[in-house]
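Visitor: The structure under discussion is supplied below as structure tokens; questions concerning it will follow.
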Amino acid sequence: MRLVCVLLAWAVPLAASSDTTIIVPDPSEADNIEQLHYDEAKAVLAADQVAEITPFTIDLNYYEYNLIPVVNPDYTIGILVDPCKTREPGCCQDQFGSPAYIVPRSDMNDKGIAKLVNEFGAPLDAKLSRLGDTPSVFDPTCRVDSVGNVYKNSSTYYPNGSITYSVDYASLCVAHDYAAVAVTSRALPACWDSNATVNALLPCYTFDGRQKPHCVSVGYMQTAYIVQCLGSYALDNHCGTFLELHKPNDETILAQTRLFAEFTNGYRTTTLPLFHAGNRSRTVCNGDYEIWWVLRTRYKYVVKYQKKLYITTPLCEFDDVTNDYRVYMTLGS
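Count the sequence shown with the numbering used here and you get residues 127 to 459, in order.
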């Protein structure tokens, strides 16, 4: 009997002083716990690495794009890229300018004007051109053959003393010793479309002369009211009218600018940033692009117009690891 009481007296203080229960795992379970902690740490590290190398994006959680076919619309949309390239900022504010394009390497007519087409590729009469006569400059490499055709005769001299000659019948030569001045070297009319010579490294200007970095001025017009949302959705990225920069046939938004509600009387001017996908340390680079006029609604994004443009500078950055060109250029590299 005394033995039982002693055992009870021993057991009671032990139970009263214990706050936690320690369970010693089986050796195999201990290995599993260590592996679990290792896997969790590895997953966190992988997530951090992905976040570090993931490129910037303009995250709009966007919906379906719906392209409206150009079939006798009840209104007209117009976009001019860098419309005041050789003139003062604001030259295209509340002004009209019919886009015209010179066909590359086309023959000059008797008025000194090359073949012109509109933005849909239809021929334009030379008398409708806002460029005027094409000036010419002295060029001793311009020659005329025996049947009266004008060509450019270029000679290349090599260090070993050899010489090569090349004959180009599709040059800017217009007469013996004279060549036409390239359009890119001439003063262009106000509201002219310069969609083939965009430089993403240059600044651009608002219509009132304020300078912005790495962008291009864009003239826009619509012969209908430009839709914008009101109230709490007035500045919502999912609602309103936007100009978006895309690669052809690619819904990825590389840059964007909002158009505010208005009824334009001629072209208005805005600026489109050329930073790559919102990353201000990168710009888009050399290649073909499109500006999409997009109406963003609650259910889908409606593409009402697509404008082609070509960025000449800078060249795209080369990736030595993948042995391929990236789709951007890092500033300062």
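Virtual Cβ for every residue (Gly too), placed ideally from N, Cα, C.
Gln219: which of Val324, Asp208, Lys433 sits nearest, CA to CA?
Guide: Out of Val324, Asp208, Lys433, Asp208 has the C-alpha closest to the C-alpha of Gln219.
Visitor: For Asp445, which beta-bridge partners are listed by DSSP?
Guide: Asp450, per the DSSP bridge assignment.
Visitor: With a threshold of 8 Å on Cβ separation, who are the neighbours of Asn192 within its own chain once the five nearest residues in sequence on each side are excluded?
Guide: Around Asn192: Lys426, Tyr427, Val428, Val429.
Visitor: Taking DSSP's pairing of strands, which residues face Ala306 in a bridge?
Guide: Answer by DSSP bridge pairing, in chain order: Ser262.
Visitor: Out of Met455, Ala301, Gly366, Arg312, which one is the CA nearest neighbour of Thr383?
Guide: Closest by alpha carbon: Gly366.
Visitor: Please state the DSSP three-state secondary structure of Tyr295.
Guide: In this structure, Tyr295 counts as coil in the three-state DSSP scheme.
Visitor: Which one or two residues does DSSP pair with Asn321 in a beta bridge?
Guide: None; Asn321 has no bridge partner.
Visitor: With distances taken between CB atoms, is the gap from Thr212 to Leu298 smaller than 9 Å?
Guide: For Thr212 and Leu298, no; Cβs fall outside 9 Å.
Visitor: Alpha carbon to alpha carbon, how far is Ile239 from Ser262?
Guide: Bear in mind that the predicted position of Ile239 carries a pLDDT of just 49, short of 50, making it unreliable; the figure below should be weighed with that in mind. Their backbone Cα atoms lie some 11 Å apart in a straight line.
Visitor: Which residue's Cα is closest to the Cα of Val420: Ile194, Ile289, Thr390?
Guide: Checked all of Ile194, Ile289, Thr390; the closest Cα to Val420 is Ile194.
Visitor: On a Cα-Cα basis, can you pick out the residue from Val270, Asp446, Ala226 that is closest to Pro249?
Guide: Among Val270, Asp446, Ala226, the Cα nearest to that of Pro249 belongs to Ala226.
Visitor: Kindly list the residues whose CB is nearer than 7 Å to the CB of Asp265, restricted to its own chain and excluding five residues on each side of it in sequence; keep chain order.
Guide: Once the five neighbours on either side are set aside, the close Cβ partners of Asp265 are Cys299, Asp303, Tyr304, Ala305.
Visitor: Which same chain residues end up closer than 6 Å to Phe444 when comparing Cβ atoms and leaving out the 5 residues on each side of it in sequence?
Guide: Once the five neighbours on either side are set aside, the close Cβ partners of Phe444 are Tyr451.
Visitor: Taking only the alpha-carbon atoms, compute the straight-line gap between Arg406 and Leu398 and give it to the nearest angstrom.
Guide: Roughly 13 Å separates the two Cα atoms.
Visitor: So, is Asn375 buried or exposed, given that buried needs 16 or more other C-beta atoms within 10 angstroms?
Guide: By the 10 Å Cβ count, Asn375 comes out exposed.
Visitor: Can you tell me the Cα-Cα spacing of Thr409 and Ser272, whole angstroms?
Guide: In a straight line, the C-alpha of Thr409 is about 51 Å away from that of Ser272.
Visitor: Whole angstroms is fine: what's the gap from His372's alpha carbon to Ser280's?
Guide: Each residue's Cα considered, the two are about 40 Å apart.
Visitor: Hey, quick one: how far does the beta strand (DSSP E) through His340 stretch, first residue to last?
Guide: Segment: none, His340 is in no beta strand (DSSP E) and carries neither H nor E.
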